[in-house]
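If you read the sequence shown in our numbering, its first letter stands for residue 163, the second for the next number, and so on.
Structure, as structure tokens:
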Amino acid sequence: MMMIDRAHAGISDVAGTLPSILSIDGLKSVDSEIRILESRRVIEDTLSALDPVTLFPEIARPRLFGLLPADSPQDQLEKAIDKFKRRLQVEQQSSSNIVRLSFSHEDPDLAADTVNALADAYLKRRRAIFDVPRSPFLASELARHSDQLKSIEGQIQALKSEYDIVDLGQESLLAANQVDSIVQRRRQTQERQAALQAEVTAAKKRLAALPERVFDFREQSNQTQNDDDRNVLLRLELERDRMASQFLPDYPPLQELERKIRTVRQSMKGGDKPVYNTTREVRNPSIPFLNNHLLTLEIEQDAVARQLDELNRQHTVAVEKVGRLRKAESELRDLERTRGVMEDIYRDYAQRTEAARAEEEAAKVRFSNVRVVQPAVAPATGTSMAPSFIIAGLVGGILLGGAAGVLATWLRQVYILPHEIERDLGVPAIASFSDTDGELVSPGAQQELIHLAAQLRDHGLDDQPMALIQFVTANDGDGDAIVARGLALEFAKGRGLRTLVIDLCGDGTGQLTAINAGADGEAAGEADSGAGERLPTIEPQGTGDLEALPSAVPLLWVSRQATGSALGSLRTPIAQSRQMLERLNQRFDIILILSPPIGNSHLARRLSPMVDANILVARAEHTRAPVAARMRDSILASGGDIVGLVLTGRHFHIPQVIYRWL
């Protein structure tokens, strides 16, 4: 008895993370157990517990009536396994979870022991199969995904370090604000630069308009600058008076002072002293102010230009930083997305690993889910295999007959079905007839003729219907003449076309007789019904050296002695034959040519490029595939066009449905 538990997938596990099992899954699990019971490994273990020679003594006997030695031990084991499989029967009891084992043997007790040994070997093999711990694999996968997660974390940190990022959102906001601040400052600096340019221009205009000097006053004086003679004289006289009051008149220093006084007085009496004139002009005070102010403005303008260059540089750096942050954001988003996925996978593997460990621990303490309900016992009565052998013989005979039919179908070289022609020759089968031993008078044959005539008239060359049609066959009696007569009657009577049948296989008498006989029969029938109609009389007509006789069917002519005409002679130049066919084509609406078998005469190959289309005719179960292939290749090699192949003489020996499988 098979009890479904966690040895099979689908039932609720210890961790409670798996779904409950369905009943149909339980039946599938029982079927799986049956497959294990019938496996080669279990049988080998059973035979290792039992002696194969004891079970099957014949495997140790000499072969070929003792002429050859016994098989090797390995071959004996292989034969024992094959015999064991044939005698072992494992079946499920009424779609339940009970499995019944039985083994056929001449010795009932040995058969019972064999079943018990098989059950023991199965239980051991089953424990070996299901004792496959999952936690090591899940743990290795968990470690691998942990390493991948760490690698992704390292890539994220390396990316942040490369782009100098602490918080990507804050860094992006600060970079955007910095770019905006630099833009604002650059605009202000540009405004100040424009203002300074205007001030410098105005200052230069004012400075150019002012005079360089402004007159203040002018004076003229004879006063000499630094003229100290009187002061020196006064000091000398004062010094003399002081010394005269203290010394005698002959005192040398006093006399020296007297000499100095005389020298100074003489110098004062001289008239060679220059007269100095002083002219004073004052420069315009606005010019220095404007120059200083202009210099200040130019210095500030230069400073503003340098400041603007620096702001441009800062703006370029800030924009590059924003671009780097955008690139970093894209790479970081991909890495974070990958990290998120890896974290989910890691979390799932962590849960599954813990669940598997719990399951393995629980599996160590639970009982086996397979119970032996009843040990094997020897049956009271045996069984006979005679009915089985009889049934097997009947089934084998049926299978052998079917195989023989398939082999015969595979090896045959004649055609039965139209699609075989299309498959082997690559030529479309445009019609098939089954009653070509007589005239095509059955309703099915008439419908097939109408279908064939419609195909020939509806598909022409350059919007012109086919007028010259040649029937080509490989053997005499393939039914080409009967098909040509039926098609001619359809063109003349059914479609009202002037039709000519050129018989290059005979003198035309047979064709004319058959057509007239069919027309007389129809006329008699019409007379009996009271609808008799007199046929028009048509005189014989000649076209070149080819004579055409009118038949009893209006608008239908048959050639006479065409084999002796220029058209039927191989000595006639091709140009003359082509001209003759052109004259016939002008006289008649459609011309049907019956050529000799292509294996007997070259005439069919000669006329094939002159006609509008060639129709190959093959007889079912008679025309061999190589002959039909040579006929097709001969026409194509001669430059003729093949419109299709007509299969005649079909016989339905078995139901038509079975033909679809052949």
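The beta-carbon is built from N, C-alpha and C at its ideal position, and this holds for glycine as well.
The structure displayed is predicted, hence computed values, not measured ones.
Boundaries of the beta strand (DSSP E) in which residue i is found, first to last residue
i	result
Phe265	261-265
Asn663	Asn is not the amino acid found at residue 663; the sequence shown has Val there. Start and end: 661-665.
Val589	Element bounds for Val589: n/a, residue is neither H nor E.
Ile631	630-635
Ile344	Looking at the DSSP string, Ile344 is not in any beta strand (DSSP E); the run it does join, the alpha helix (DSSP H), is 330-371.
Ala710	708-712
Gln608	No beta strand (DSSP E) contains Gln608, which is instead part of the alpha helix (DSSP H) from 605-620.
Val576	Careful: Val576 lies outside any beta strand (DSSP E) and carries neither H nor E.
Leu651	Run containing Leu651: none in the beta strand (DSSP E); it sits in the alpha helix (DSSP H), 642-651.
Arg861	Examination of residue 861 is not possible in this model, given that the chain is present from 163 through 824 alone.
Ile804	804-810
Nearest-angstrom beta carbon gap, residue j and residue i [assumed within contact, 8 Å]
i	j	result
Val345	Val484	So it is not a contact: roughly 12 Å between Cβ atoms.
Leu809	Ser594	4 Å
Leu798	Ser721	Their Cβ separation, rounded to whole angstroms, is 27 Å, which puts Leu798 and Ser721 out of contact at 8 Å.
Asp638	Val779	Wrong, their Cβ atoms sit about 11 Å apart, outside the cutoff.
Ser596	Arg812	4 Å
Gln355	Val466	5 Å
Ala279	Leu212	6 Å
Pro777	Phe633	It is worth fixing the name first, because residue 777 is Ile in this sequence and not Pro. The Cβ separation is near 5 Å, so the contact holds.
Leu459	Leu358	6 Å
Ile664	Val715	With a Cβ gap of about 16 Å, Ile664 and Val715 do not count as contacting.
Residue range of the unbroken alpha helix (DSSP H) whose run includes residue i
i	result
Phe299	297-324
Ala799	787-799
Arg397	391-406
Leu419	414-431
Leu209	202-211
Ile243	235-249
Val215	214-217
Cβ neighbour criterion (16 or more within 10 Å) applied to residue i
i	result
Ala737	exposed
Ala834	This structure cannot speak to residue 834, because the chain is shown only from 163 to 824.
Leu372	exposed
His581	exposed
Ala364	exposed
Asn393	exposed
Ala360	exposed
Gly687	Reliability fails at Gly687, whose pLDDT of 41 lies under 50, so the model's placement of it is uncertain and the value that follows must be treated cautiously. Answer is exposed; the Cβ neighbour count stays below 16.
Gly806	buried
Glu701	Per-residue confidence for Glu701 stands at a pLDDT of 37, beneath the threshold of 50, marking its modelled position as unreliable; the derived number appears in the next sentence. Exposed, since its Cβ has fewer than 16 Cβ neighbours within 10 Å.
His267	buried
Gln352	exposed
Phe814	exposed
Ala480	buried
Asn339	exposed
Val426	buried
Gly648	buried
Pro298	exposed
Nearest residue (CA-CA) to residue i, options the options
i	options	result
Gln238	Val215, Gln254, Lys247, Leu230	Val215
Ala787	Ile578, Leu614, Ile507, Glu220	Ile578
Val576	Glu195, Gln251, Asp213, Arg781	Arg781
Leu651	Ser492, Ile753, Val773	Ile753
Pro735	Glu353, Met772, Arg368, Pro219	Met772
Arg657	Asp751, Ile664, Gln463, Lys241	Asp751
Asp774	Gln626, Arg519, Ser596, Glu399	Gln626
Leu602	Glu584, Ile583, Ala646, Val589	Ala646
Leu756	Ala679, Phe814, Asp640	Asp640
Asn474	Glu374, Ala517, Arg347	Arg347
Arg514	Ala301, Lys655, Arg402	Ala301
Ile260	Ser201, Val532, Ala517	Val532
Gly730	Val789, Ala766, Leu272	Ala766
Glu505	Ser308, Asp282, Gly726	Ser308
Lys312	Ala724, Arg794, Gly502	Gly502
Leu630	Ser407, Ile804, Asp275, His613	Ile804
Arg488	Ser258, Ala512, Pro219, Leu335	Leu335
Met628	Phe653, Val204, Leu562	Phe653
Val534	Ala520, Ala283, Asn454	Ala283
Leu793	Leu587, Gln617, Glu783	The sequence given here places Met at residue 793; Leu does not occur at that position. It is Leu587.
Leu108	Arg203, Gln236, Ala242	Not covered by the structure: residue 108. The range shown for the chain is 163 to 824.
Near the ligand MN: residue i beta-carbon under 7 Å from a heavy atom
i	result
Gly658	Annotation note on the ligand MN: not contained in the displayed structure, which lists no ligands.
> Quick one: complete alpha helix (DSSP H) runs, 4+ long, within the region 746-776?
Replying inline: 765-769
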